[in-house]
Amino acid sequence: MSAAPILKEELLSKIKGIQIHARHLVNDVFVGHYESAFKGRGMAFEEVREYQPGDDVRTIDWNVTARINRPFVKLFRDERELTVIFLVDVSASSHFGTVSKFKNEVAAEIAALLAYAALRNNDKVGLIIFSDRVEHYLPPKKGKGHIWRVIREILTYKSISKKTDFDAPLNFLNQVLNRRSVAFLLSDFQGSGFELKLRSTAKHHDLVAMSISDPRELALPNVGFIEFEDAETGEYVLVDTRQKKNLKEFSSSAEKELSERKRFFRSAGIDYIEFMTSEPYIDPIVRFFRMREKR
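Written as structure tokens, this is what we have:
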């Protein structure tokens, strides 16, 4: 019974640390980058008023002008507000990490950073937590308290299923958000058969795929026999890491999978960012923002 308060205090401390770090990065690094990278829906019509010298003649409302027999122009306002939604994979493989953080912790920190950038720009933020089903949904809202809840849910949610299936969350996204949104999909993309649904979703939303991997998923150390359990299927495999052939086959297979994944996202026109649990996540995000700004 005495262990629960300690765990709760550690969790609160971790969430607070993520919040402080995210706010610091938004204030010091991301000023202007986020807004430039993600444009609003454009100009929305607001009203008409009588023409004044210097007005752009292209904004003349010819229908009103003809009725009143005096020139009137259309006025527009910048419809900047966006809806940002995080789709976070909480299947069993997300609770893996061999350096300093699990993949779900990295996902929470990335989401916190982008959520605070969205908050600063007065955008709404929502969350879809999924495995092979939609497990939890936070509708898009504004406010610091809501951002706190988003971070907490990503860090603490205990998934019902161990497996991953992208169809359910992407179908759900298209159902609950009819208007175009910015959708950040955070996963290790361990699985197959998601290509068609991702292509379809990218036609309706500004979809950004964020792949989070761990170094041990790409290369093995030479430490003798290692027994691996597939977190999502429960299957066990025994590998002798003293054999260079086994190490090479493992690395080659992992590199091939990553290469094919990159090729798919590039061909589908979907923005794709790679993260490692062993490396700072800030640099890939900054590079991504700068790439978006140039478009």
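Note that the numbering used here gives residue 340 to position 61 of the sequence shown, counting from 1, and the numbers run on in steps of one.
Here a beta-carbon is modelled for each residue, glycine too, at the ideal position from N, C-alpha and C.
Report the partner residues of T362 according to the DSSP bridge assignment. Position 83 of the sequence shown holds residue 362. K403, per the DSSP bridge assignment.
Short of 6 Å in beta carbon distance, which residues of its chain neighbour K476, apart from the five on each side in sequence? Order them along the chain. Counting from one through the sequence shown, the residue named residue 476 turns up at place 197. The answer, listed in chain order, is F445, D446 and L449.
Answer yes or no: do F468 and L406 have a C-beta to C-beta separation smaller than 8 Å? The sequence position of residue 468 within the sequence shown is 189, counting from 1. The sequence position of residue 406 within the sequence shown is 127, counting from 1. In this structure, the beta-carbon distance from F468 to L406 does not fall below 8 Å.
For D411, does the three-state DSSP call read helix, strand or coil? Residue 411 sits at position 132 when you count from the first residue of the sequence shown. D411 falls in the coil class under three-state DSSP.
Taking only the alpha-carbon atoms, compute the straight-line gap between Y416 and M489 and give it to the nearest angstrom. Taking the first residue of the sequence shown as 1, we reach residue 416 at position 137. Taking the first residue of the sequence shown as 1, we reach residue 489 at position 210. In this structure, the straight-line span from the alpha carbon of Y416 to that of M489 is close to 19 Å.
According to DSSP, is R346 part of a helix, a strand, or is it coil? Along the sequence shown, read from residue 1 onward, the residue named residue 346 stands at position 67. R346: helix per DSSP, three-state reduction.
Note down, in chain order, each residue of its chain lying with its Cβ closer than 8 Å to the Cβ of G548, except the 5 sequence neighbours on either side. Your numbering for residue 548 matches position 269 in the sequence shown. For G548, where only same-chain residues beyond five positions count, the Cβ hits under 8 Å are A481.
Would you identify the three-state DSSP class for D334, choosing helix, strand or coil? Taking the first residue of the sequence shown as position 1, residue 334 is located at position 55. Correct three-state label for D334: coil.
In whole angstroms, give me the CA-to-CA distance for I552 and R545. For this step, residue 552 is matched to residue 273 along the sequence shown. For this step, residue 545 is matched to residue 266 along the sequence shown. Taking the straight line joining both Cα atoms gives about 11 Å.
Integer-rounded CB distance, given that T443 should sit under 8 Å from D368: For the purposes of this step, residue 368 is taken as the residue at position 89 of the sequence shown. For the purposes of this step, residue 443 is taken as the residue at position 164 of the sequence shown. Rounded to whole angstroms, the Cβ separation of D368 and T443 is 6 Å, and the two are in contact under 8 Å.
T556: buried (16+ other C-beta within 10 angstroms of its C-beta) or exposed? For the purposes of this step, residue 556 is taken as residue 277 along the sequence shown, with counting starting at 1. So T556 ends up on the buried side.
According to DSSP, is I297 part of a helix, a strand, or is it coil? Position 18 of the sequence shown, counting from 1, holds the residue named residue 297. The three-state secondary structure of I297, taken from DSSP, is helix.
Would you be able to state if there are at least three C-beta pairs under 8 Å between the region 563-573 and the region 309-318? Contact holds: three or more Cβ-Cβ distances are below 8 Å.
DSSP three-state label for E432, please. In the sequence shown, counting from the first residue as 1, residue 432 sits at position 153. It is helical.
Burial state of P284 (16 or more Cβ within 10 Å): Here residue 284 refers to the residue found at position 5 when the sequence shown is read from its first residue. For P284, the pLDDT reaches just 39, beneath the cut-off of 50, and the residue's location in the model is therefore unreliable, although a value from the coordinates is still provided. Note on P284: under 16 other CB atoms within 10 angstroms of its CB, so exposed under the neighbour-count rule.
Below-8 Å beta-carbon distance, G422 vs any chain C residue: The chain labelled as chain C is not found in the depicted structure, where only one protein chain is given.
May I have the straight-line CA-CA distance separating W387 from K293, to the nearest angstrom? For this step, residue 387 is matched to residue 108 along the sequence shown. For this step, residue 293 is matched to residue 14 along the sequence shown. Before going on, a small fix: residue 387 reads as Ala here, not Trp. Those two C-alpha atoms are separated by around 11 Å.
Pairwise C-alpha distance: F473 and A301: The residue given as residue 301 occupies position 22 in the sequence shown. The residue given as residue 473 occupies position 194 in the sequence shown. Using only the alpha carbons, I get a separation of about 31 Å.
Does F375 come out as helix, strand or coil in the three-state DSSP assignment? Residue numbering aside, residue 375 sits at position 96 when the sequence shown is read from its first letter. Three-state DSSP puts F375 in coil, outside helix and strand.
Which word fits A462, buried or exposed, when buried means at least 16 other C-beta atoms lie within 10 angstroms of its C-beta? On the sequence shown, position 183 is the one that residue 462 refers to. Result: buried.
Taking A447 as part of the alpha helix (DSSP H), name the residues at either end of that continuous run. Your numbering for residue 447 matches position 168 in the sequence shown. In the DSSP assignment, A447 falls within the unbroken alpha helix (DSSP H) covering D446 to V455.
Whose C-alpha, out of H483, I433, L434 and G470, is nearest the C-alpha of V455? By 1-based counting over the sequence shown, the position of residue 455 is 176. The alpha carbon of V455 has as its nearest neighbour, out of H483, I433, L434 and G470, the alpha carbon of H483.
Should V363 go down as buried or exposed, given a rule of 16 or more other Cβ atoms within 10 Å for buried? For the purposes of this step, residue 363 is taken as the residue at position 84 of the sequence shown. With 16 or more other Cβ atoms within 10 Å, it is buried.
Cβ-based neighbour list, D334, same chain, cut-off 6 Å, excluding 5 preceding and 5 following: As a working note, residue 334 is residue 55 in the sequence shown. Result list for D334: V352, in chain order.
Among A391, T377 and R478, nearest to L499 - alpha-carbon criterion: Here residue 499 refers to the residue found at position 220 when the sequence shown is read from its first residue. When each option's Cα is compared against that of L499, the closest is T377.
With DSSP as the reference, please indicate the residues paired to E465 in a beta bridge. Your numbering for residue 465 matches position 186 in the sequence shown. In the sequence under discussion, the amino acid at residue 465 is Leu, which differs from the Glu named in the question. V367 and M489, per the DSSP bridge assignment.
Beta carbon of A396, beta carbon of I426: below 8 Å? Start at 1 with the first residue of the sequence shown, and residue 396 comes out as number 117. Start at 1 with the first residue of the sequence shown, and residue 426 comes out as number 147. A396 is not a Cβ neighbour of I426, given a cutoff of 8 Å.
Exposed or buried, what is N457 when buried is set at 16 or more other beta-carbons lying within 10 Å of its beta-carbon? Within the sequence shown, residue 457 is the residue found at index 178, counting from 1. So N457 counts as exposed.
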